[in-house]
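The structure appears right after this line, and notes come after that.
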Amino acid sequence: MSNEKSLGKKILDLVGGEKNISGITHCATRLRMLLRDDSIANNHKEEIKDLDGVIDVAETGGQYQVIIGPAVANVYDDLVDGTSLNKETNDTDSEPQSGNVFSRFLDIVAAIFTPLLPLLAGSGVLRGVVLLLVQLHWLSDTSGTYHILTAASTAVFYFLPILLAITSAEKFKVNKYVAAAIMGSLIMPEITNIMGSHGNGVVTHFFGIPIVLMQYTSTVIPAILAIWCLSYLEHWLKKFIPESLQLLFVPLISLFIMVPLTAGLFGPFGVYVGEGISTAINFLMNANGWVAGAIVGGAWNVFVIFGLQWAVNPVMIQNISRLGHDQIVPLTAAANFGMAGATLGTFFKTNDKKVKAYSMSALLSIFFAGITEPSIYGIGVKYKKPLIAAIAGGAVGGAFMGGMHVKAFAFAFGGLTTLPAFVGSTFVAYVIGLAICFAVSFAITMVIGINEDAATQTKADSIGNAKELSNELIQQPLSGRVADLAEANDPAFASGAMGQGMVIIPDDSTVYAPFDGSVTMLFNTHHAIGITSNKGAEVMIHIGIDTVKLNGKFFTALVKQGDIVKVGQPLIKFDKDKIEAAGYDLSTFVIVTNTNAYKDVRLIAADNGTHGRDTLQVAL
């Protein structure tokens, strides 16, 4: 039986193991992790990128993201299998507490909508097929078959508030069944019968309090607002209601409070906000579709790189739910086909067989699934020029689509398999627009090339140039007992995944420079420092296990990032007694982070000793 580790477990090792992950989830294409110590993963960034099945690595919104592609769910399940990192305990943690408000908002929206995207896409294509069959007169719109298929393809929008209540409950960690009941109550016949044929704005009363009734089917914002509020109410109730009574009284009180509160406050507010956003965007699209189309079609791939598409996806879904069509979805497809043309151009311009195989796989991912991340990160970001071509192609084709007011009649990712979602009066213009995007980006890529040599050199520079390295001895930077890494109490370091080196159990409180070099990294918590020797060795000194949680307390940096240091120069002082009294293990790790650049990293002194003696040898 092979001992080869799976992709998920390899990623887990390289980001620092289970202990270094405070939260993990995934979206449609990428693992999204919150790391306690980013430096561990950053030191192995190139190794992670080089793993078979990994497209790229990105850091945004306070998250460390590993881009996988459509297979991300399987990699996620494999990574968390056998660990305490699981869906039940980490979805809440996945909210990036260290990011700004907008980043946190994007993360919440992504977590709420990601589980529904396959259903929305599948329903959208089915709806498009039904419309196509009717237009071809192959199916009568009065037949039972038509009505059954229409119900199957539009149920997701009718019951969208309930579905969003469930995914919101999973994100905000509240009872998903209570959440579903709250939003379900607002589309019950009892409510719609009161409204009759009058529509939004009918006033009824709850214990004498006036309630403005709204139509909640197909809405987006009311459910998210209501369940966000429910999360605070439920957590508050559980503090004061004895555990033996929570089973009955928490749901009872939640329903009693939240249904009228949502109907009277969150519901109308959410409906009006959603309609206002939708109306404003549609006004801009109709005012000058050529300009709006060029901007959205050109910028969408950049949006995907930074995760900003999650701010726009709810607007598209709201448009289709409320109006039955949307003008932004076609522009996202324009960006997809712009990326597809650049990818095909890369296929013809490269001489690397692996890149050819990868580009063809990425191209098929766009055509058949509407997934662009493999192309964006594996080709666009890597080679730069194809991304420029994709932006240009998306802008030109997007301008045409915007100017022709192309509409999508279902929410779908832009690919060949989702063409039925665009069937309607503007379908021909949509197909022409896709052809323009593809042809323009392909032609530009063929003209400007892909700068393959520069991409290869960038990678070489990032992992160090072995020709510039020399054999050298690394001194012990801290007095104490030196031991092999395998004896460390932290499995992330003990495994050697972050590089070879040593662990020191300190009996002193000062870290000294182990060679002449420069400070290349200094954490603001001062618990870890990275230095590079004049001969090329890159060393990280990490003081203690989980000491990042002290936020710099008891640590004092004596140098700053960028300083030139001499061997034996004091780098960091720490209060050994107070840190140990706080319950922290002060095992200090000295890791050669560019271990792969050397043939051998050998521990030559494993016993008690003072700083300044030779303890590690690196050899080419």
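Counting from -1, one number per residue, gives the positions in the sequence shown under my numbering.
Where is the CB? At the ideal position from N, CA and C, for every residue including glycine.
Beta-bridge partners of residue i, as assigned by DSSP
i: Pro504; result: Gly478
i: Arg30; result: Thr23 and Gln63
i: Arg600; result: Gln615
i: Ser516; result: Thr530 and Ile562
i: His203; result: Pro208
i: Leu471; result: Gln615
i: Pro113; result: DSSP, once it has assigned bridges, lists no residue as partnering Pro113.
i: Trp57; result: Looking at the sequence shown, residue 57 is not Trp but Glu. Answer by DSSP bridge pairing, in chain order: Tyr62.
i: Gln133; result: DSSP output for Gln133 lists no bridge partner at all.
i: Phe587; result: Val501 and His540
i: Ala108; result: In DSSP, Ala108 forms no bridge with anything.
i: Ala406; result: Asp324
i: Phe572; result: Phe553
i: Gly607; result: Gly478
Among the options, the one whose alpha carbon lies nearest that of residue i
i: Gly413; options: Phe440, Val438, Gly339 and Gly478; result: Gly339
i: Phe587; options: His524, Gln498 and Ile602; result: Gln498
i: Leu69; options: Val128, Ser363, Gly15 and Gly142; result: The sequence shown places Ala at residue 69, rather than the Leu named in the question. Of the listed residues, the one whose Cα sits closest to Ala69 is Ser363.
i: Thr330; options: Lys383, Gly395, Ser373 and Val269; result: Gly395
i: Asn18; options: Leu83, Asp48 and Ala109; result: Leu83
i: Val327; options: Ser166, Thr344 and Gly400; result: Gly400
i: Val269; options: Trp298, Thr344, Leu223 and Ala108; result: Leu223
i: Ser319; options: Asp48, Val590, Ile219 and Lys576; result: Ile219
i: Ile38; options: Pro266, Met519 and Thr27; result: Met519
i: Asp573; options: Val590, Asp561 and Gly550; result: Gly550
i: Phe152; options: Phe254, Ile315, Gln244 and Ala617; result: A small correction: the amino acid at residue 152 is Thr; Phe does not occupy that position in the sequence shown. Of the listed residues, the one whose Cα sits closest to Thr152 is Ile315.
i: His323; options: Glu232, Gly560, Thr277 and Gly343; result: Thr277
i: Phe254; options: Gly274, Val176 and His233; result: Val176
i: Leu321; options: Val353, Val300, Ile279 and Thr415; result: Ile279
i: Leu134; options: Val421, Trp234 and Gly14; result: Val421
i: Ile448; options: Ala492, His233, Ile146 and Thr344; result: Thr344
i: Pro384; options: Val310, Phe267, Tyr582 and Lys347; result: Lys347
Spatial neighbours of residue i in its chain, beta-carbon cut-off 8 Å, leaving aside the 5 residues before and after
i: Phe170; result: Thr90, Ile225, Trp226, Leu228 and Ser229
i: Gly462; result: Any reading at Gly462 needs caution, since the residue's pLDDT is 43, under 50, leaving its predicted position unreliable; the model's value is listed next. For Gly462, where only same-chain residues beyond five positions count, the Cβ hits under 8 Å are Gly534, Glu536, Asn592 and Ala595.
i: Thr148; result: Arg125 and Val128
i: Ala624; result: Outside the displayed span of the chain (-1 to 618) sits residue 624, for which this structure offers no information.
i: Leu432; result: Ala331, Ala332, Phe335, Gly395 and Gly412
Rounded distance between the beta-carbons of residue j and residue i, thought under 8 Å
i: Ala410; j: Val123; result: 6 Å
i: Ala387; j: Ile446; result: 7 Å
i: Tyr375; j: Asp54; result: 3 Å
i: Thr217; j: Pro159; result: 6 Å
i: Ile65; j: Leu12; result: Actually they do not touch by this definition, with Cβ atoms about 15 Å apart.
i: Gln63; j: Ala56; result: 5 Å
i: Ser373; j: Ala390; result: Between Ala390 and Ser373 the Cβ distance is about 15 Å, and since that is not below 8 Å, they are no contact.
i: Met496; j: Asn41; result: 6 Å
i: Leu49; j: Ile110; result: Not a contact, Cβ separation roughly 30 Å.
i: Phe204; j: Pro258; result: 5 Å
i: Leu584; j: Ile539; result: Between Ile539 and Leu584 the Cβ distance is about 13 Å, and since that is not below 8 Å, they are no contact.
i: Ala397; j: Ala292; result: 4 Å
7 Å CB neighbourhood of residue i in its chain, flanking five on each side removed
i: Gln455; result: Residue confidence for Gln455 is low, a pLDDT of 48 falling below 50, so the modelled location carries little weight and cannot support an answer.
i: Thr424; result: Met402, His403, Val404 and Lys405
i: Thr608; result: Ser477
i: Ser460; result: In this prediction, Ser460 scores a pLDDT of 44, lower than 50, which makes its location untrustworthy; no coordinate-derived value is stated.
i: Ala221; result: Pro159, Leu162, Ala163, Ser166 and Met181
i: Leu239; result: It should be noted that the sequence gives Ile, not Leu, for residue 239. So the list reads Phe247 and Val248, once near-sequence residues are dropped.
Cβ neighbours of residue i in the same chain (closer than 6 Å, five flanking residues each side left out)
i: Gly392; result: Gly295, Gly296, Ala332, Ala333, Gly336 and Cys435
i: Val546; result: Arg34, Asp35, Thr523 and His525
i: Ile164; result: Lys174 and Ala178
i: Asp488; result: Ile543
i: Gly51; result: Leu5
i: Ile209; result: Thr202, Ala261 and Gly262
i: Leu10; result: Leu77
i: Ser183; result: Val257
i: Ile589; result: Met496, Gly497, Gly499 and Met538
CB contact check: residue i to chain B, cutoff 8 Å
i: Phe345; result: You won't find chain B in this structure, because it holds only one protein chain.
(message) Whether or not the region 433 to 443 and the region 403 to 410 are in contact is what I'm after, with contact meaning three or more pairs of Cβ atoms, one per stretch, closer than 8 Å; do they touch?
(response) no
(request) Count the C-beta pairs between the region 603 to 612 and the region 524 to 535 that are closer than 8 Å, then say yes if the count reaches three, no if not. (result) no
(request) Take every Cβ of the region 269 to 289, pair it with every Cβ of the region 349 to 369, and state whether three or more of those distances are shorter than 8 Å. (result) no
(request) Flag this pair as touching only if the region 499 to 507 and the region 558 to 567 have three or more C-beta atom pairs under 8 Å; answer yes or no. (result) no
(message) I want to know whether the region 541 to 557 touches the region 599 to 609 - three or more CB-CB distances under 8 Å.
(response) no
(request) Examine the Cβ distances between the region 473 to 488 and the region 509 to 518 and report whether three or more of them are shorter than 8 Å. (result) yes
(request) Flag this pair as touching only if the region 4 to 12 and the region 75 to 85 have three or more C-beta atom pairs under 8 Å; answer yes or no. (result) yes
(request) Tell me, please, whether the region 178 to 192 touches the region 127 to 142 by the rule of three or more beta-carbon pairs shorter than 8 Å. (result) no
(request) Report yes or no: do three or more beta-carbon pairs, one from the region 418 to 432 and one from the region 374 to 393, lie closer than 8 Å? (result) no
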